[in-house]
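Engineer: Got a structure for you, written out below as structure tokens; questions coming shortly.
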Amino acid sequence: MTIQHFLNTSFLNNTVNSYLWPLIIIVLVVIFRNLLSKIIARLGYKIIKHWTPGVEQKDFVHLLLKPLGFFIGFLVFVASIDHLQYPQLLNFDIHFLHTDFASLLTGVKLIILTILFFWVILRLVDFVALVFSHRLNLTQQPSGDQIVFFFRDFVKAIIVIIGFLVIMKHVAGKDWTGKLIGAMGIGAAALALAAKDTIENLMGSFIILLDKPFRIGDYIKVNDVTGNVEKVGLRSTRIRSDNKTFITIPNSQIINSILDDITLMTQRRAKILLELDPATPSSSVMDVLEDIQNLLRADKDVLDNYTLNFNDISNRAYSIQLIYYTPVTDWQAYNMLRQKINLEIIQAMENRKVKLAKNFDLSAGS
Numbered sequence: 003m004t005i006q007h008f009l010n011t012s013f014l015n016n017t018v019n020s021y022l023w024p025l026i027i028i029v030l031v032v033i034f035r036n037l038l039s040k041i042i043a044r045l046g047y048k049i050i051k052h053w054t055p056g057v058e059q060k061d062f063v064h065l066l067l068k069p070l071g072f073f074i075g076f077l078v079f080v081a082s083i084d085h086l087q088y089p090q091l092l093n094f095d096i097h098f099l100h101t102d103f104a105s106l107l108t109g110v111k112l113i114i115l116t117i118l119f120f121w122v123i124l125r126l127v128d129f130v131a132l133v134f135s136h137r138l139n140l141t142q143q144p145s146g147d148q149i150v151f152f153f154r155d156f157v158k159a160i161i162v163i164i165g166f167l168v169i170m171k172h173v174a175g176k177d178w179t180g181k182l183i184g185a186m187g188i189g190a191a192a193l194a195l196a197a198k199d200t201i202e203n204l205m206g207s208f209i210i211l212l213d214k215p216f217r218i219g220d221y222i223k224v225n226d227v228t229g230n231v232e233k234v235g236l237r238s239t240r241i242r243s244d245n246k247t248f249i250t251i252p253n254s255q256i257i258n259s260i261l262d263d264i265t266l267m268t269q270r271r272a273k274i275l276l277e278l279d280p281a282t283p284s285s286s287v288m289d290v291l292e293d294i295q296n297l298l299r300a301d302k303d304v305l306d307n308y309t310l311n312f313n314d315i316s317n318r319a320y321s322i323q324l325i326y327y328t329p330v331t332d333w334q335a336y337n338m339l340r341q342k343i344n345l346e347i348i349q350a351m352e353n354r355k356v357k358l359a360k361n362f363d364l365s366a367g368s
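Count the sequence shown with our numbering and you get residues 3 to 368, in order.
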């Protein structure tokens, strides 16, 4: 048997030669898929680079390399096998789907191509968001990233919906819209009820975006949750808690709750209650009060609006209350300041030979 005779041999309604060329093309595309994607992505970047100052070519290539590679690979695969005839044994009807195998296979190919195409579009949206984020960072707008990421997610959600509608057209045919409207007419109330929370969260995200009660990176407290804001999405806000867990809070809950943006704190408040031994002479109490005043005045991290009072007398203890404020808002630095002042107060009491009451109670807050 000659090579030509072998190539002309018929197998499943097609010659071996008909299978060979698509196979060679597909193998070459699989091998050089990434290279092809890089070349196309770099060419695309050269076209748009005048509108993307500050964003490098590698960012564009990195975003598009994978989806573009799959799209090109599958597109070449479909084009390569398109001229092949379906084998006779696969030429049958699928009654429960009201179609035949050839039409089903064509629909599957179109659906996969649609998914890959919209994947490329979504990555392009990511790149556009990256460009806008870079530009806003140059203007030093504090809420720039939050706005960009919000609209990026919003546009991507719309694109996903459009992609779903296109796929539905391939699956259900041209008259699918009429069927969908009819189905929605029947279940409109159930659909509205199910979408209630989604709509509330979406409105909450718009309110957060417009009202700007916090920014990405802020340390906030919502109900019993405290942590740093990492992302504001269409449905929820993501917070990295003090325990380093990732907490998701619906946006509707955030806008309906009392929110404390601790990052915007300008001062911290500390409170100390000293309960002295009731046997302490009045002169020693006055000396301790004076020493505490002196150490507070000498500390540059303590503001002048502190209050220090000998505010209560009982047979159990003499009570001195100290409330002071500090511009030090960082939690660790604030605790170090409290430690320093507490130690200085103890040292002043030791120097004056003043003791604490047996049932001493110390409370502090911020």
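Glycine residues also receive a C-beta, built at the ideal position from the N, C-alpha and C atoms.
1. Starting from the C-beta of Phe152, find all residues in its chain whose C-beta is less than 7 Å away, skip the five residues before and the five after it, and write them out in chain order.
2. Work out the CA separation of Gly229 and Glu352 for me, nearest whole Å.
3. List, from N- to C-terminal side, the beta strand (DSSP E) runs of 3 residues or more that fit wholly inside the region 205-255.
4. How many Å lie between His52 and His136 at the Cα?
5. For a test of the three-state rule: what should DSSP assign to Ile83, helix, strand or coil?
6. By DSSP, does Ser391 sit in helix, in strand, or in coil?
7. Measure from the alpha carbon of Glu346 to the alpha carbon of each residue in Asp306, Ile294, Ile257, then state which is nearest.
8. Taking just the CA atoms, how far does Lys246 sit from Tyr326?
9. Verify whether the separation of the beta carbon atoms of Phe73 and Phe129 is less than 8 Å.
10. Does the beta-carbon distance from Ile251 to Ser243 come in below 8 Å?
11. Using beta-carbon positions only, say whether Ile222 and Asp263 come within less than 8 Å of one another.
12. Using only the heavy atoms of the ligand GDP, determine whether one of them is closer than 7 Å to the beta carbon of Val133.
13. Among Ile249, Ser321, Ile117, Val304, which one has its Cα closest to the Cα of Asp279?
14. From the DSSP output, read off the bridge partner residues of Ile326.
15. Have a look at Leu45 and Asn253 and give me their C-alpha separation to the nearest angstrom.
16. Would you kindly work out how many angstroms separate the C-alpha atoms of Phe156 and Phe79, rounded to a whole number?
17. What are the start and end residues of the beta strand (DSSP E) that includes Asn337?
18. Spatial neighbours of Phe76 within its chain, please: C-beta separation below 7 Å, excluding the five flanking residues on both sides.
19. With a CB to CB cut of under 6 Å and the five nearest residues on each side skipped, what residues in its chain are close to Gly165?
20. Note the first and the last residue of the continuous beta strand (DSSP E) segment covering Asn313.
21. Looking only at its chain, what residues have a beta carbon closer than 6 Å to the beta carbon of Lys68, apart from the 5 residues adjacent to it on each side?
22. Thinking just about the alpha-carbon of each residue, which of Pro283, Leu298, Gly219, Ala159 is nearest to the one in Gln148?
23. In terms of residues, what are the limits of the beta strand (DSSP E) holding Leu261?
24. Strictly by DSSP, which residues pair up with Ser321?
25. Is Gly107 helix, strand or coil when you go by DSSP?
26. Specify the secondary structure class of Leu305 as computed by DSSP and reduced to three states.
27. Could you round the C-beta distance between Ile209 and Ile257 to whole angstroms and report it? I think they count as a contact, below 8 Å.
28. 8 Å is my cut-off, CB to CB: does Tyr327 come that close to chain D?
29. Out of His85, Val32, Val31, which one is the CA nearest neighbour of Tyr21?
30. Assuming the contact rule is C-beta atoms closer than 8 Å, Leu1 and Val31 should be a hit. Round their C-beta distance to whole Å, please.
31. If you drop the 5 nearest sequence neighbours on each side, which residues of the same chain put their C-beta closer than 6 Å to that of Phe134?
32. Could you tell me how far apart the beta carbons of Tyr1 and Arg240 are, in whole angstroms, since I believe they sit closer than 8 Å?
Structural biologist: Reading off the structure:
1. Around Phe152: Ser207, Leu211, Val234.
2. 40 Å
3. Within the region 205-255, the runs of beta strand (DSSP E) at least 3 residues long that lie entirely inside it are, in chain order, 221-224, 227-234, 238-243, 248-252.
4. In this structure, the alpha-carbon of His52 lies about 14 Å from that of His136.
5. In the structure shown, Ile83 sits in a helix (DSSP, three-state: H, G or I).
6. Only positions 3 to 368 of the chain appear in the structure, and residue 391 is not among them; the question remains open.
7. Ile294
8. 31 Å
9. no
10. no
11. yes
12. Because no ligand of any kind appears in the structure shown, any question about the ligand GDP cannot be addressed here.
13. Ser321
14. In the sequence on display, residue 326 carries Tyr and not Ile. Per DSSP, the beta-bridge partners of Tyr326 are Ala272.
15. 41 Å
16. Phe156 and Phe79 have their C-alpha atoms roughly 33 Å apart.
17. For Asn337, no beta strand (DSSP E) encloses it; the enclosing alpha helix (DSSP H) starts and ends at 333-353.
18. Ile114, Leu115, Leu118
19. Phe120
20. Unbroken beta strand (DSSP E) run through Asn313: 309-315.
21. none
22. Gly219
23. 261-263
24. Glu277, Asp314
25. Before going further, note that residue 107 is Leu rather than Gly in the sequence given. Helix, per DSSP.
26. Reduced to three states, the DSSP call for Leu305 is coil.
27. 5 Å
28. Of the chains in the structure shown, none is chain D; there is only one protein chain.
29. The closest CA to that of Tyr21, considering only His85, Val32, Val31, is found on His85.
30. This structure gives no information on residue 1, because the portion of the chain shown stretches from 3 to 368.
31. If we look at Phe134 and ignore the five residues flanking it on each side, its Cβ neighbours are Val150.
32. The structure shown does not extend to residue 1, since the chain spans only 3 to 368, so no value can be given for it.
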